[in-house]
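Numbering of the sequence shown is given in the UniProt record's numbering, commencing with residue 1 and proceeding in unit increments. We treat Cβ as the ideally placed atom computed from N, Cα and C, and that holds for glycine. One structure is given here, and the rest of the page talks about it.
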Amino acid sequence: MDLLNEIQKNPNRNFFISASAGTGKTYTLTKYYISILENNYPDYDIVDRIVAVTFTNKAAGEMRERIMEAVYEKLEENPPKGTVYEEWYNYWNNIKINLSRAWIKTIDSFCSRILRDNNIQIGIDPNFGMVSEFKKDREIDKAIYYSLKIILELYEDREIEWLRSLSDKRKNNIKNNIELLKKEKDKFKKTLLVILNELKLDNFKDLIKEVIQKWRLEMVRVKVFEELELADTDLSNKYTDILWLFKIIANISKEYFESLTLDNFQFDFKGILEKTVEALDNKSIREKYKNRFKYIIVDEFQDTNYLQKEIFEKLHHEDNYLFYVGDRKQSIYRFRGADVSVFTTAKNEFQSKNYFYSSLNTNRRSEKEIVDFANELSSQVLFNTKNLNQENIDYKILEDADFQKDDFSYSEDSKDQIITPNITGEDDKRIKYINITPEANNNSERKKSEIQAMVKTVKNLVGKEMTFRKRVNGKIVREIRNIQPGDIAILLKQMSGYEEEIKQEFNKNKIPFYIIGGKSFYYKSEIQALFSALSAVQNPFNDFEFSRYMMSLIGGMTFIEYDKLTKLRKDKNSLFETFEENLDVFENSNNILIAYKVLKKYKDLKYFLKPTSILKGIVNETEYLLKLSVLDDSESAISNVKKLLSDAEKYNNIASSFSELVRLLKKSTDIDEEEAVLEDETSNSVKIMTIHKSKGLEFPIVIMGGLYKSQKKNKSSEVEFSLPNSEGENYYIINSIFEDILKETDDPFLKWFKNNDFLDQTENHRLMYVGVTRAKEMFLPLLVDTKNATYNDFFTKLNYNGIDQINEEDLQEIDMEIKDKTDRKTVMVQESNLKKFEHLAYKQYIAPTYLINETKPSESEYAEEQGQKVDKVKLDSLFSDQELLFRGSDLHAKLQSSYEFHHLENLVERELLPKKLIKNDMIKYAFSPENKVVKNEWRIVKNIEINNRDYMLFGIPDKVIIDNGKITILDYKYSGLYDEEKIKDYKFQISFYLYLLKDFGIPKEGYIVSIKNGKTVKFEYDQNIESKIFNKIKELN
1 MDLLNEIQKN PNRNFFISAS AGTGKTYTLT KYYISILENN YPDYDIVDRI
51 VAVTFTNKAA GEMRERIMEA VYEKLEENPP KGTVYEEWYN YWNNIKINLS
101 RAWIKTIDSF CSRILRDNNI QIGIDPNFGM VSEFKKDREI DKAIYYSLKI
151 ILELYEDREI EWLRSLSDKR KNNIKNNIEL LKKEKDKFKK TLLVILNELK
201 LDNFKDLIKE VIQKWRLEMV RVKVFEELEL ADTDLSNKYT DILWLFKIIA
251 NISKEYFESL TLDNFQFDFK GILEKTVEAL DNKSIREKYK NRFKYIIVDE
301 FQDTNYLQKE IFEKLHHEDN YLFYVGDRKQ SIYRFRGADV SVFTTAKNEF
351 QSKNYFYSSL NTNRRSEKEI VDFANELSSQ VLFNTKNLNQ ENIDYKILED
401 ADFQKDDFSY SEDSKDQIIT PNITGEDDKR IKYINITPEA NNNSERKKSE
451 IQAMVKTVKN LVGKEMTFRK RVNGKIVREI RNIQPGDIAI LLKQMSGYEE
501 EIKQEFNKNK IPFYIIGGKS FYYKSEIQAL FSALSAVQNP FNDFEFSRYM
551 MSLIGGMTFI EYDKLTKLRK DKNSLFETFE ENLDVFENSN NILIAYKVLK
601 KYKDLKYFLK PTSILKGIVN ETEYLLKLSV LDDSESAISN VKKLLSDAEK
651 YNNIASSFSE LVRLLKKSTD IDEEEAVLED ETSNSVKIMT IHKSKGLEFP
701 IVIMGGLYKS QKKNKSSEVE FSLPNSEGEN YYIINSIFED ILKETDDPFL
751 KWFKNNDFLD QTENHRLMYV GVTRAKEMFL PLLVDTKNAT YNDFFTKLNY
801 NGIDQINEED LQEIDMEIKD KTDRKTVMVQ ESNLKKFEHL AYKQYIAPTY
851 LINETKPSES EYAEEQGQKV DKVKLDSLFS DQELLFRGSD LHAKLQSSYE
901 FHHLENLVER ELLPKKLIKN DMIKYAFSPE NKVVKNEWRI VKNIEINNRD
951 YMLFGIPDKV IIDNGKITIL DYKYSGLYDE EKIKDYKFQI SFYLYLLKDF
1001 GIPKEGYIVS IKNGKTVKFE YDQNIESKIF NKIKELN
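If you want it as structure tokens, here you go:
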């Protein structure tokens, strides 16, 4: 009896399904879901007792859509014998309604639902959010800083101050770790010096960062080697001590990171899973879900890891049923934490318990030639462990890496004659190797030759007649038509280094294309120009940033003009100041003058406007889009700028200051950001992507490139964990320390880590399998000649006759004509692309910073604002800037969220604010809101006219109190308030704010409050402030 019959016969069993590529995994999963519904008739609430989990939103959406389609089909079917039609119809209609609330979710969405539903027991806010990658990165930096501060204070036997703001649970966890260090103080101090000596501080911080990002729970649970069987005993002790100390420091960092995120109900993906494991450790919660879910379905099981498997196992018991489906040959996300060994472990567990195990082997996706080729490639090369180094590899892992009976795929029977296009005149097969010989033996020439071959291959395919297969009502139907660009996908081993060259060649040859998942967006010159503008706005006195901005596409300053500017510099003036003093020299350079004026304007407004408004203002006022319109690739450049402006909206709420926005935007080059595109997924264009991006997709024709790259795979993680032993225990190592030892050691524990190397290397094999099996009709690998061990070898080692061998030089240079496709070069830039952002065309703004040399400081400028050393101890010199950045901004945020005096008392009690602060009568008055209006961070603006010109005065006092019509303000500074010159500037700033508030009452007084030492400075309202402001504005003009 086949698998579908088994499923329909009795869904109330535990199933483990191994499904090779293209064998109908989703179809089978849908059939299983429907069979559950059929077997539970007439209980239509059974929908609430089924949970189906997958790993992407797209996959979850497709699963829901497939199930809904099957339910609609059921509504049109006749009922089984003995069943009343109306009852049968009503049942499936209610199922259709209930599916809107079905548990068909991604793993993180599933876990989030559990946490929200049990928020009171777990102790979290049900409205918790997901922390952005940007904010997560910032909080990790803080956590590492705090933990290293503790470690270095402990090293110098100083009092530890950094536990104040933590919850009791976190505080106790950190104290327990500190006690471990105190008990072995000599060992701790000696080992810390070794770590800083051998790893260096930056590398050490990077290692901790990796743990926080990927391995927080694992690091808590992991065991540390008590000893290593190395020939050198001292060396063994040294390494075990490093692992001991590193774990402690990483766990302290973990507590701080989670205090900044989880304790504020901001979770990352890892945090969601870990919190769910913690929640399911609660017996009442665990039992509730074990009883709720009768069926637990997990799709793409090869992409799980041990943490995710633990969640499913906690929900499983003898009266509910697991359905795991996946394909170990398609596990290609090890770098994201997926562990293919979980698939093998679970499969063995199912078989040992006599659960139902089966495999799907009929390939319903691909033409017979593709299926046969994939079988031969898999059995001879990809999954043949004889081709691999097997020394010290666990036999179970070796066995599972080998091609097995269940891995063989069968094509659907078809005796139809098919038309296969030839591209040289003599080739007649669906598998065509394109052999390429570069002019020189280097990577640059290899890539150049490969891209040229790519273009020629596409041009020789498009327009050729071919038989395509498609499925109609479950049956294969043949269709003969010409190949279109949209039939072709180019799958690359990696995208890095290819994008620009491919774009140039494809555009030159008029081939429509669409790049999926490109990462070059933030490196585009039109985007880098805006980055240079943001950096210059942040600090125009930095000569490098000012020069980049003025010589970018925005300013357009030439080298001759730049040389002229540098020669005008006097003394220690910055280039910005030099330019300001010599405007007449550049009076004929309109673009340069406009760029300067825009920079001058926004350097002050950055403290008052949203960063997105500044970006839009720069683009608008410099007529940047108009400048881009003259570029060769103007349409793409303008689209990219529009994309940046659109994307920037989400950054507003991530960064707490303008300077931080600039920092995060620059870091975003490491995060997957795609360039704006002129084609889309549905267009008749060649699709270009990495093999990873192609997972789960299928294409009629696949061209595979980047195969001349070395097979040598970098470690997926610098901090490496062993696979669990028979008792579920695992250990860890730091690769940069243990790399040489692992090659020579006889230590049985360290040998266990060679399994990880094996799994890393075999992921190359699995990646090739995924690429090959995306093809439905034709597969064409580009094999660039090279002397090294590369991905080419997977294909050249195959002994198989069903392949056309084609030399690239035999491909003809032909022109390609595409019907109904307009040559993009003839397209004029649309006027809408050049429109100004009229809603940002405001009058000239004047902030206090425009009139005095003082700012309302952002975090990054607290150090400059303070103008003094916090502590003369060497330790603090290492951390002083970050202390001002992190602590000042945190305290400022806490004050802004405090409205009543008892809130301040709580902050003082937790030693976050100085005691002196709450003893101040003015503070008590300001934080007692009875019978008065109190506003925090009130944005105020006032229009004035001077010499027939409009100006907008703008400011944001920290706290405004209106009592019986009289106005008092408070402004916070993370400064000791000792600098008399700066205090004079504060006096002007306070009166400026009070002047802006005149329309709301009678200006009375203002206070500058030090949130560092509690000192306050009082200023009476200056009745002559208006004339002083007006005079300063006149001086500017």
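- The C-beta of His692 has 16 or more other C-beta atoms within 10 Å across all chains shown, which makes the residue buried.
- Going by C-alpha positions, Ile956 is about 18 Å away from Thr612.
- Counting the other Cβ atoms within 10 Å of the Cβ of Thr790 gives 16 or more, which makes it buried.
- Going by beta carbons, Phe312 and Tyr295 fall outside the 8 Å limit.
- By the CB criterion at 8 Å, Glu900 and Ile918 fall outside the cutoff.
- Considering only Val222, Ile969, Arg66, Lys149, the residue with the shortest C-alpha distance to Asn725 is Val222.
- If you keep only unbroken beta strand (DSSP E) runs of at least 3 residues inside the region 529-578, you get nothing at all.
- Sorting Lys386, Val462, Asp2, Arg548 by C-alpha distance to the C-alpha of Asn509 places Val462 at the top.
- Ile107 has its alpha-carbon roughly 20 Å from the corresponding atom of Thr261.
- With fewer than three CB-CB distances shorter than 8 Å, the region 107-120 does not count as touching the region 92-99.
- Going by DSSP, Phe257 is part of the alpha helix (DSSP H) stretching over 233-260.
- Here DSSP, grouped into helix, strand and coil, assigns Phe608 to coil.
- When DSSP states are grouped into helix, strand and coil, Asp804 belongs to the strand group.
- Boundaries of the beta strand (DSSP E) around Ser1010: 1002-1010.
- Within a 10 Å sphere around the beta-carbon of Gln504 sit fewer than 16 other beta-carbons, which makes this residue exposed.
- With 16 or more other CB atoms across the displayed protein chains lying within 10 angstroms of its CB, His765 is buried.
- Per DSSP, the unbroken alpha helix (DSSP H) holding Asn176 starts and ends at 168-183.
- Fully enclosed alpha helix (DSSP H) runs of no fewer than 4 residues occupy 443-461 of the region 406-467, in order along the chain.
- The region 389-405 and the region 749-763 touch, with three or more beta-carbon pairs separated by less than 8 Å.
- Thr773 is positioned such that its CB atom lies closer than 8 Å to that of Ala374.
- Pro80 counts as exposed, since fewer than 16 other C-beta atoms from the protein chains shown sit within 10 angstroms of its C-beta.
- Three or more pairs of CB atoms, one per stretch, sit closer than 8 Å, so the region 454-472 contacts the region 417-424.
- Closest option to Gly617, judged by alpha-carbon separation, among Tyr433, Lys642, Ser629: Lys642.
- Between Glu367 and the set Thr385, Lys329, Tyr410, the nearest pair of CA atoms involves Tyr410.
- Straight through space, the alpha carbons of Asn237 and Val224 are spaced by roughly 12 Å.
- Remark: C-beta atoms of Thr191 and Ile242 approach each other more closely than 8 Å.
- Following the DSSP letters along the chain, one finds Trp88 inside the alpha helix (DSSP H) bounded by residues 85-98.
- In this structure, Ile434 and Leu707 do not form a Cβ contact; the two beta carbons are roughly 10 Å apart against a cut-off of 8 Å.
- Taking each of Asn943, Ile1002, Leu953 in turn and checking the Cα distance to Asn964, the smallest one comes out for Ile1002.
- By the criterion of a C-beta distance shorter than 8 Å, Ile476 is surrounded in its chain by Glu412, Ser414, Arg469, Lys470, once the five residues flanking it on both sides are discounted.
- Less than 8 Å separates the beta-carbon of Leu530 from that of Leu644.
- Between the C-alpha atoms of Glu945 and Lys603 there is a straight-line separation of about 22 Å.
- Around the C-beta of Glu399, fewer than 16 other C-beta atoms lie within 10 Å, and the residue is accordingly described as exposed.
- Inter-residue distance for Arg548 and Lys149 is about 36 Å (C-alpha atoms, whole angstroms).
- The DSSP-derived three-state label of Lys1015 is coil.
- Taking 8 Å as the cut-off, the beta carbon of Tyr993 is found no closer than this to the beta carbon of Gly1014.
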